[in-house]
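*Asks:* Protein chains in written order, with our numbering: chain A, 307 to 616; chain B, 572 to 962.
For reference, the structure I am asking about is given below.
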Amino acid sequence: MMIRFQHTRKHYDGAAAITDLNLDIQQGELVVLLGPSGSGKSTVLKMVNRMVSHDAGHIFFKGKDINSFNVQDLRRRMGYAIQSVGLFPHRTVTHNIATVPKLLGWNAQRVQARVNELLTLLAMDPEQYASRYPHQLSGGQQQRVGVARALAADPDVLLMDEPFGALDPVTRAALQIALKNIHRATGKTILFVTHDIDEALLLATRIVLLNHGHIAQAGTPLELLQQPANDFVADFLGRADLGLKQLSLRSIASHIKAIEGTEPKHTIAHTTTFREAISHMATLHVSTLSVVNESGTVLGQVQAADLLEN
Amino acid sequence: MPVSLVQRCNLVLALYVALAIGAACGLPFLRLAPNRLLSGEPVYLSDVLQQQGSPLMFALMLAIFALLCFAVCQPRRRITQALLILAMAASLAGVWRLAGHFAGSAIQAGNPFTRITLGAGFWTLGAMAWLMALDAIDRLQLTSLRRLILQSALLLPLWLSLNEGQHLSIAQEYANQRDVFGPAILRHLQIVLLAVVPALLIGLLLAWRMTRTRDLQQAFFPVLNVIQTIPSIALFGLLMAPLAWIAIQLPAVGRAGISGVGVAPAVIALFMYALLPIVRSALAGLEQVPAEAVNAARAMGMSAGQMLWQVELPLALPVLLIGLRTALVQTTGLAAVSALVGAGGLGQIMFDGLFSAANELVILGVIPIVLLAMMADTFFKVLSSLIKTRA
Numbered sequence: 307m308m309i310r311f312q313h314t315r316k317h318y319d320g321a322a323a324i325t326d327l328n329l330d331i332q333q334g335e336l337v338v339l340l341g342p343s344g345s346g347k348s349t350v351l352k353m354v355n356r357m358v359s360h361d362a363g364h365i366f367f368k369g370k371d372i373n374s375f376n377v378q379d380l381r382r383r384m385g386y387a388i389q390s391v392g393l394f395p396h397r398t399v400t401h402n403i404a405t406v407p408k409l410l411g412w413n414a415q416r417v418q419a420r421v422n423e424l425l426t427l428l429a430m431d432p433e434q435y436a437s438r439y440p441h442q443l444s445g446g447q448q449q450r451v452g453v454a455r456a457l458a459a460d461p462d463v464l465l466m467d468e469p470f471g472a473l474d475p476v477t478r479a480a481l482q483i484a485l486k487n488i489h490r491a492t493g494k495t496i497l498f499v500t501h502d503i504d505e506a507l508l509l510a511t512r513i514v515l516l517n518h519g520h521i522a523q524a525g526t527p528l529e530l531l532q533q534p535a536n537d538f539v540a541d542f543l544g545r546a547d548l549g550l551k552q553l554s555l556r557s558i559a560s561h562i563k564a565i566e567g568t569e570p571k572h573t574i575a576h577t578t579t580f581r582e583a584i585s586h587m588a589t590l591h592v593s594t595l596s597v598v599n600e601s602g603t604v605l606g607q608v609q610a611a612d613l614l615e616n
Numbered sequence: 572m573p574v575s576l577v578q579r580c581n582l583v584l585a586l587y588v589a590l591a592i593g594a595a596c597g598l599p600f601l602r603l604a605p606n607r608l609l610s611g612e613p614v615y616l617s618d619v620l621q622q623q624g625s626p627l628m629f630a631l632m633l634a635i636f637a638l639l640c641f642a643v644c645q646p647r648r649r650i651t652q653a654l655l656i657l658a659m660a661a662s663l664a665g666v667w668r669l670a671g672h673f674a675g676s677a678i679q680a681g682n683p684f685t686r687i688t689l690g691a692g693f694w695t696l697g698a699m700a701w702l703m704a705l706d707a708i709d710r711l712q713l714t715s716l717r718r719l720i721l722q723s724a725l726l727l728p729l730w731l732s733l734n735e736g737q738h739l740s741i742a743q744e745y746a747n748q749r750d751v752f753g754p755a756i757l758r759h760l761q762i763v764l765l766a767v768v769p770a771l772l773i774g775l776l777l778a779w780r781m782t783r784t785r786d787l788q789q790a791f792f793p794v795l796n797v798i799q800t801i802p803s804i805a806l807f808g809l810l811m812a813p814l815a816w817i818a819i820q821l822p823a824v825g826r827a828g829i830s831g832v833g834v835a836p837a838v839i840a841l842f843m844y845a846l847l848p849i850v851r852s853a854l855a856g857l858e859q860v861p862a863e864a865v866n867a868a869r870a871m872g873m874s875a876g877q878m879l880w881q882v883e884l885p886l887a888l889p890v891l892l893i894g895l896r897t898a899l900v901q902t903t904g905l906a907a908v909s910a911l912v913g914a915g916g917l918g919q920i921m922f923d924g925l926f927s928a929a930n931e932l933v934i935l936g937v938i939p940i941v942l943l944a945m946m947a948d949t950f951f952k953v954l955s956s957l958i959k960t961r962a
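Structure (structure tokens):
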């Protein structure tokens, strides 16, 4: 158990922000806190590293109440990335990333090695970027450095508060994929706040949908789409295209059939989602596509009916 | 067309040239007195040139005048400005040597008590040469460090010619007081640093607290503002009584050198004056630190002290330096007045001259004060520009 909320409550000026939150987050999960603005998702995140203190109940980090930690030690064990990035404008990329390792007293060699490792992980050439100042970077690059800084001291948990909210769609998609790869490669426990449903569906291993300070539904993206617990969940996820969203979560790889008769004229990669495959069929006015792997070998075919009836 | 004329010509330089010519013709270059107490007869530049002039000197003067006319009409050429700087550095030394040589021959000819004091014409010509050179340096548009070096180099010829003026009254006054200057400068610096360093530390701390508690800001600024409006002599006087009382009540404090007169009231008053510019700039500096950076620092587990030293202070520094510069220049000047409560320093020399009607002694006290203030000012300007280029 990495993080456990137990009857946690939070009030702001008498108004309840979080009412009786109970949530367990396991090691290695990428939990997305999703909800409309004012739902308390950001508050939940900030309570974990005590940027906001909770009023009642308990929050446990690795089995110990977070109030039993020294607050600075607790924060240094949790990476933190926010929408406005908050890079230090007077420090180079290297020094920004090195902030927490230096607070923890790492030696210079270890810090430098870690900085290079992280920049490479986030697809930024250390030689080119290490000694730049934040204002010499694009918005996307700044956010990459922000993520690298959050990861710097190899924290147990990564807390991310709408980190990609201010980026353009292309940069945003690239960073989402980068984060997904980092999660897969490192197995970090990540708590991610967003109000963007597509981002949540893409990234989450589990979505916690919040409304007015309590959990409306928690489950895998597919569970939420297939069995919305109530009208709020269905409405929030977009009742009209719940089906399309489901399709975008599944890969065609398991639905490839042997080719019967002539080989379909058009091809598609075996990593595509249902949604993309059906979109392709619609634009090409066909109902079957041949599936190829990276090297171009034909693996079989997919049929529209199979995908839709499944 | 008049507009294009204004745009093309250096009218500032033209004004300086006109003033310099006016001063050379209409104001006494020197004054000649039979002894130290009399104010003496005016000696005009034309008289001095009649006696000391040589064909070479007249040729040089003509060349400089031609260069000035050219620089007024064609200010764009960098080579013109460079030549002008050289010419003005030479002129600064030149008027001094001219005055010095005249004094030398006057003393040889007359009695040894003859006093040759520098007149309004000398000071105006010197000031004009100095201003013309500064204008030319500005027009070269150099980086601040190079500008500083050039401004200092301007005084080099004058510095090397100082001995040539040994028969002038001002040099004789200096010779009489020579032993006083070193200690006076040290004492002056001591007073300034004793006031500004604590003001910096306490001012920073105050400003830092003010960013956290608004009430403190509302309570302190009116007090600091009122202090700033009290005339310095009045503030020195106001401090004398309580300090004298403390020294009597606590003999240990008195033995430590704290009393109604001397350095203590001076340092305390100057400290209070320095506090306002420092607190104000430190607060402005701290308030323009991006909130996200401070927030991120906190979320990454920095303590309050680490946040101040590693994030808030470095980001507030450019603004803070402006206030510190103001405080230092202001304190260097005000410290002169503190001689009135017995604090010593360069103000002592100035007031000695004032009370004994020896104008040149006043000038000898003022020049180091002005130089110290200018050095402090340029030092911080260079520091600020270095910080700006780095960030």
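The C-beta atom is built at its ideal place from N, Cα and C for all residues, glycine as well.
(1) Under 8 Å, Cβ to Cβ, is there at least one residue of chain B near T405/A?
(2) What would DSSP say about A387/A, mapped onto helix, strand or coil?
(3) Is the Cβ-Cβ distance between L465/A and Y386/A less than 8 Å?
(4) Which bits of chain B does P395/A rub up against, with CB to CB less than 8 Å?
(5) Where in the stretch 581-620 of chain B do unbroken runs of the alpha helix (DSSP H), each at least 4 residues long, occur, reported from the N-terminal end onward?
(6) Can you list the residues of chain A that S874/B reaches, using a CB-CB cut of under 8 Å?
(7) Thinking C-alpha only, which one of L733/B, L627/B, S676/B and A700/B is nearest W667/B?
(8) Name the chain B residues whose beta carbon is nearer than 8 Å to that of Y386/A?
(9) For M572/B, collect the residues of the same chain with a Cβ closer than 7 Å to its Cβ; drop the 5 residues on either side in sequence, then sort them by chain order.
(10) Anything in the stretch 881-906 of chain B with a Cβ closer than 9 Å to a Cβ of chain A? List those residues in chain order, please.
(11) Helix, strand or coil for F684/B? Go by DSSP, reduced to three states.
(12) Quick one: grab the DSSP three-state call for V953/B.
(13) Give, in chain order, every residue of the stretch 355-375 of chain A whose Cβ lies closer than 8 Å to some Cβ of chain B.
(14) Leaving out the 5 sequence neighbours to the left and right, which residues in its chain are closer than 7 Å to G493/A when beta-carbon positions are compared?
(15) If contact is defined by three or more beta carbon pairs under 8 Å, each pair taking one atom from either stretch, is the stretch 609-624 of chain B in contact with the stretch 593-600 of chain B?
(16) Within 10 angstroms of the Cβ of K486/A, are there 16 or more other Cβ atoms? Answer buried if so, exposed if not.
(17) With a CB to CB cut of under 6 Å and the five nearest residues on each side skipped, what residues in its chain are close to A604/B?
(18) Which of the three DSSP states is assigned to Q609/A in this structure?
(19) Do S345/A and H518/A have their C-beta atoms within less than 8 Å of each other?
(20) Can you round the beta-carbon distance between A823/B and A914/B to whole angstroms, since I take them to be within the 8 Å contact cut?
(21) So which residues on chain B does G392/A lean against when the C-beta distance must stay under 7 Å?
(22) Would you report the Cα separation of H576/A and Q415/A, rounded to the nearest angstrom?
(23) What does a CB cutoff of less than 6 Å around D371/A pick up in its chain, not counting 5 residues either side in sequence?
(24) Can you name, in chain order, every residue of its own chain whose Cβ lies under 8 Å from the Cβ of A947/B, other than the five neighbours on each side?
(25) Using 8 Å as the limit for Cβ to Cβ distance, is L481/A near chain E?
(26) In or out: D361/A buried (at least 16 other Cβ within 10 Å) or exposed?
(27) From D504/A to L795/B, what does the alpha carbon distance come to, in whole angstroms?
(28) Which residue wins for smallest C-alpha separation from L620/B, given the options G918/B, L857/B and G665/B?
(29) Quick check: the Cα distance between R450/A and T511/A, rounded to an integer number of angstroms?
(30) Report the option in G624/B, L639/B, Q645/B and P626/B whose CA atom is closest to the CA atom of R579/B.
(31) So is A429/A buried or exposed if we call it buried at 16+ other beta carbons inside 10 Å?
(32) Taking C-beta pairs closer than 8 Å, name the residues in chain B that L409/A reaches, listed in chain order.
(33) Does R315/A get closer than 8 Å to chain B when you measure Cβ to Cβ?
(34) I want to verify the contact list: residues of chain B whose CB lies under 8 Å from the CB of R382/A, in sequence order.
(35) So who's on the other strand from D330/A, going by DSSP bridges?
(36) Is Y439/A helix, strand or coil by DSSP?
*Replies:* Well, looking at it:
(1) Here residue 405/A refers to the residue found at position 99 when the first sequence is read from its first residue. Chain B, which has a Cβ nearer than 8 Å to the Cβ of T405/A, makes this yes.
(2) For the purposes of this step, residue 387/A is taken as the residue at position 81 of the first sequence. If DSSP states are grouped into helix, strand and coil, A387/A belongs with the strands.
(3) Here residue 465/A refers to the residue found at position 159 when the first sequence is read from its first residue. Here residue 386/A refers to the residue found at position 80 when the first sequence is read from its first residue. Going by C-beta atoms, L465/A is nearer than 8 Å to Y386/A.
(4) For the purposes of this step, residue 395/A is identified with residue 89 of the first sequence, where counting begins at 1. Chain B residues near P395/A: P861, A864, L886 and A962.
(5) 582-597
(6) If you number the second sequence from 1, residue 874/B lands on position 303. Within chain A, the residues near S874/B are Q378.
(7) As a first step, residue 667/B must be located in the second sequence, where it is residue number 96. Among L733/B, L627/B, S676/B and A700/B, the Cα nearest to that of W667/B is on L733/B.
(8) For the purposes of this step, residue 386/A is taken as the residue at position 80 of the first sequence. Going along chain B in sequence order, the residues near Y386/A (Cβ under 8 Å) are A867, A870 and M871.
(9) Stepping through the second sequence from its first residue, residue 572/B is reached at position 1. Unreliable positioning characterises M572/B in this predicted model, as indicated by a pLDDT of 47, which lies under 50. A coordinate reading is not provided.
(10) Q881, V882, P885, L886 and L888
(11) Position 113 of the second sequence, counted from the start, is the residue given in the question as residue 684/B. Coil at F684/B, not helix or strand.
(12) Residue 953/B sits at position 382 when you count from the first residue of the second sequence. Three-state DSSP puts V953/B in a helix.
(13) Within the stretch 355-375 of chain A, the residues whose Cβ lies closer than 8 Å to any Cβ of chain B are, in chain order, N355 and M357.
(14) Position 187 of the first sequence, counted from the first residue, corresponds to residue 493/A. Result list for G493/A: G334, in chain order.
(15) yes
(16) Working through the first sequence from its first residue, we reach residue 486/A at position 180. Exposure of K486/A is indicated by the presence of fewer than 16 other C-beta atoms within 10 angstroms of its C-beta.
(17) As a first step, residue 604/B must be located in the second sequence, where it is residue number 33. Taken in chain order, the residues that qualify are G611 and R686.
(18) Residue numbering aside, residue 609/A sits at position 303 when the first sequence is read from its first letter. In this structure, Q609/A counts as strand in the three-state DSSP scheme.
(19) Along the first sequence, one-based indexing puts residue 345/A at 39. Along the first sequence, one-based indexing puts residue 518/A at 212. Cβ distance < 8 Å, so S345/A and H518/A count as in contact.
(20) As a position in the second sequence, residue 823/B is number 252, starting the count at 1. As a position in the second sequence, residue 914/B is number 343, starting the count at 1. Their Cβ separation, rounded to whole angstroms, is 22 Å, which puts A823/B and A914/B out of contact at 8 Å.
(21) Working through the first sequence from its first residue, we reach residue 392/A at position 86. Correct list: E863, A864, N866 and A867.
(22) Translated into the one-based positions of the first sequence, residue 576/A becomes position 270. Translated into the one-based positions of the first sequence, residue 415/A becomes position 109. Straight-line Cα distance between these residues: approximately 44 Å.
(23) Here residue 371/A is taken as the residue at index 65 of the first sequence, counted from 1. Correct list, in chain order: H364.
(24) By 1-based counting over the second sequence, the position of residue 947/B is 376. Contacts found: R896, L899, V900 and T903.
(25) In the structure shown, chain E cannot be found, because the protein chains are A and B.
(26) Taking the first sequence and counting its residues from 1, one reaches residue 361/A at position 55. Label assigned to D361/A: exposed.
(27) Along the first sequence, read from residue 1 onward, the residue named residue 504/A stands at position 198. Along the second sequence, read from residue 1 onward, the residue named residue 795/B stands at position 224. Going by the C-alpha atoms only, they are around 57 Å apart.
(28) Here residue 620/B refers to the residue found at position 49 when the second sequence is read from its first residue. By alpha-carbon distance to L620/B, the top candidate from G918/B, L857/B and G665/B is G665/B.
(29) Here residue 450/A is taken as the residue at index 144 of the first sequence, counted from 1. Here residue 511/A is taken as the residue at index 205 of the first sequence, counted from 1. If you take the alpha carbons of R450/A and T511/A, they lie about 22 Å apart.
(30) The sequence position of residue 579/B within the second sequence is 8, counting from 1. Looking at the Cα atoms, Q645/B is the closest of the given residues.
(31) Here residue 429/A refers to the residue found at position 123 of the first sequence. Exposed is the call here.
(32) The sequence position of residue 409/A within the first sequence is 103, counting from 1. Chain B residues near L409/A: M871, G872, M873 and Q877.
(33) To locate residue 315/A, count along the first sequence from 1; it is residue 9. No, because no Cβ of chain B sits closer than 8 Å to the Cβ of R315/A.
(34) Working through the first sequence from its first residue, we reach residue 382/A at position 76. Going along chain B in sequence order, the residues near R382/A (Cβ under 8 Å) are M871 and G872.
(35) Along the first sequence, one-based indexing puts residue 330/A at 24. Answer by DSSP bridge pairing, in chain order: R310/A.
(36) Mapped onto the first sequence, residue 439/A falls at position 133. The answer is coil: DSSP assigns Y439/A none of H, G, I, E or B.
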